[in-house]
Amino acid sequence: MTTIAVIGAGTMGNGIAHVFAQNGYKVHLIDISQEALDKGILTISKNLDRMLVKNVITENLKTNTLANITSYSSLQEGVKEVDLVIEAASENVDLKLGIFKELDGQCKESTILATNTSSISITQIAAVTKRPDRVIGMHFMNPVPIMKLVEIIRGYSTSDSVTKTVMEISRKLGKTATEVNDYPGFVANRILMPMINEAIETLYNNVAGVTEIDTVMKLGMAHPMGPLQLADFIGLDVCLSILNVMYSGFKNPKYAPCPLLVNMVMAGKTGVKSGEGFYDYSESRKAEKVAKQFVH
Numbered sequence: 378m379t380t381i382a383v384i385g386a387g388t389m390g391n392g393i394a395h396v397f398a399q400n401g402y403k404v405h406l407i408d409i410s411q412e413a414l415d416k417g418i419l420t421i422s423k424n425l426d427r428m429l430v431k432n433v434i435t436e437n438l439k440t441n442t443l444a445n446i447t448s449y450s451s452l453q454e455g456v457k458e459v460d461l462v463i464e465a466a467s468e469n470v471d472l473k474l475g476i477f478k479e480l481d482g483q484c485k486e487s488t489i490l491a492t493n494t495s496s497i498s499i500t501q502i503a504a505v506t507k508r509p510d511r512v513i514g515m516h517f518m519n520p521v522p523i524m525k526l527v528e529i530i531r532g533y534s535t536s537d538s539v540t541k542t543v544m545e546i547s548r549k550l551g552k553t554a555t556e557v558n559d560y561p562g563f564v565a566n567r568i569l570m571p572m573i574n575e576a577i578e579t580l581y582n583n584v585a586g587v588t589e590i591d592t593v594m595k596l597g598m599a600h601p602m603g604p605l606q607l608a609d610f611i612g613l614d615v616c617l618s619i620l621n622v623m624y625s626g627f628k629n630p631k632y633a634p635c636p637l638l639v640n641m642v643m644a645g646k647t648g649v650k651s652g653e654g655f656y657d658y659s660e661s662r663k664a665e666k667v668a669k670q671f672v673h
């Protein structure tokens, strides 16, 4: 396996492309937006520069990494003759189903189709293709170049050989691959999202303030980032989407999103990317200032 395609040049997509290209794979980075492609390549270049300054990589490796990436605004052109496709588009089920239908028709029969979804059913995605045995989840963690875990999710029909191949590829990237089965939220988000939601409930019920909740979890539980800051980092809209998938899938009220989270997303306060969530990011991305709504 030498050539892979990544669909989506956003935060996750450019991170996945970066890691594969740095490890010697030829990468086709695909996005319908030329602006997103340009921004994605620039992000990769800046991240490589940071690694260069820290002596993590050499100038030669940076040059080779960028040379391994080719951008495409046409999905049909970008997926020709690739061995593996990783879809990293927005967390929207209809969008993903449409992409996989198209991939099934455009890719060669042997191509493995993977999705970086953080919660949507692999079995549901695989069902729109004629190769459900070759569809799998590769859930990378953000930021991809730094985080070691890749959650490998088997759909109902995913074959043993495809699972083994994808596990091996993940290890070649220097990642720790962990195999899980296809249930709402998989493992990472099934455990993480209820914790984040409970932190939001704790704030909503006025048990403690934003900084206090995050401080308890950072200093008391040795979490590198408090749950409210982490929610801002992930994106409150993404957190809401994942909780809704889990609530719909399990029909269990413990996964119902907190009304405060729902209201914040409706108001456009989605965290770091919007400039405000539980913290105010207008001056810094470091969650140093609590959003004015939560200052008492």
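For the sequence shown, position 107 matches number 484 in the numbering used here, and the numbering has no gaps at all.
Quick reminder that beta carbons are idealized off the backbone N, C-alpha and C, glycines included.
Which residues in the same chain as residue i place their Cβ atom closer than 6 Å to its Cβ, once the five residues preceding and following it in sequence are excluded?
i: ILE489; result: LEU461, ARG511 and VAL539
i: SER618; result: GLU468
i: ASN391; result: GLY417, THR420 and ILE421
i: VAL521; result: GLY392, ILE393 and VAL396
i: MET641; result: LEU613
i: TYR449; result: HIS405, ILE407 and GLY455
i: PHE563; result: GLU528, ILE530 and VAL557
i: GLY654; result: ASP609, LEU613, LYS646 and GLY648
Measuring alpha carbon to alpha carbon, tell me which of the options ends up nearest residue i.
i: THR542; options: ILE513, THR579 and ALA608; result: ILE513
i: LEU438; options: SER448, THR447, ILE499 and LEU425; result: LEU425
i: ILE568; options: THR553, THR447, MET623 and THR494; result: MET623
i: ALA382; options: TYR402, LEU406, LYS595 and ALA644; result: LEU406
i: ALA664; options: VAL459, THR592 and GLY626; result: THR592
i: MET389; options: THR553, VAL470, VAL615 and GLY597; result: VAL615
i: GLU528; options: THR506, GLN483 and ALA491; result: ALA491
i: LYS485; options: TYR402, ILE577, TYR656 and THR506; result: THR506
i: ALA576; options: LEU638, ASP471 and ASN445; result: LEU638
i: ASP609; options: ALA599, VAL584, ASN629 and GLY645; result: GLY645
So, for residue i: in the same chain, excluding its five sequence neighbours on each side, which residues have a beta-carbon less than 7 Å away from its beta-carbon?
i: THR588; result: VAL667
i: ASN621; result: PRO634
i: TYR632; result: PRO571, LEU620, MET623 and TYR624
i: ILE409; result: SER450
Sorted by chain position, which residues of the same chain lie with C-beta nearer than 8 Å to residue i's C-beta, five sequence neighbours on each side aside?
i: ILE476; result: ILE384, LEU452, GLU464 and ALA466
i: LEU443; result: ALA398, ILE418, ILE421, SER422 and LEU425
i: MET524; result: PHE517 and MET518
i: LYS549; result: ASN400
i: MET544; result: ILE529, ALA554 and GLU556
i: ILE546; result: MET378 and LEU461
Contact check, residue i vs residue j under 8 Å by CB: the rounded distance?
i: THR647; j: GLY612; result: 5 Å
i: PRO561; j: SER496; result: 6 Å
i: ARG508; j: ASP537; result: That belief does not hold up - the Cβ atoms of ARG508 and ASP537 are roughly 15 Å apart, past 8 Å.
i: SER661; j: GLY652; result: Rounded, the Cβ-Cβ distance is 11 Å, inconsistent with contact.
(message) Using 8 Å as the cut-off, can you tell me whether the region 431-440 makes contact with the region 527-542, which would need three or more C-beta pairs spanning the two stretches below that distance?
(response) For the pair of segments examined, the region 431-440 was found not to touch the region 527-542: the number of CB pairs separated by less than 8 Å stays below three.
(request) Could you tell me which uninterrupted beta strand (DSSP E) segments, each at least 3 residues in length, are contained entirely in the region 503-531, listed from first to last along the chain? (result) You should have 512-517 and 526-531.
(request) Just list the beta strand (DSSP E) runs in the region 457-498, keeping only unbroken ones of 3 residues or longer that don't cross its boundaries, in chain order. (result) The region 457-498 is shown to contain whole beta strand (DSSP E) runs of 3 or more residues at 461-464 and 489-492, in chain order.
(message) For the pair the region 517-532 and the region 498-508, tell me if three or more CB-CB distances fall below 8 Å.
(response) The answer is yes - the region 498-508 touches the region 517-532, with three or more Cβ pairs under 8 Å.
(message) Restricting to runs no shorter than 3 residues, where is the beta strand (DSSP E) found entirely within the region 396-421?
(response) Listed in chain order, the complete beta strand (DSSP E) runs (minimum 3 residues) inside the region 396-421 are 403-407.
(message) Report the start-end ranges of each alpha helix (DSSP H) in the region 634-670 that is 4 residues or longer and not cut off at the edges.
(response) Here the runs fully enclosed are 636-643.
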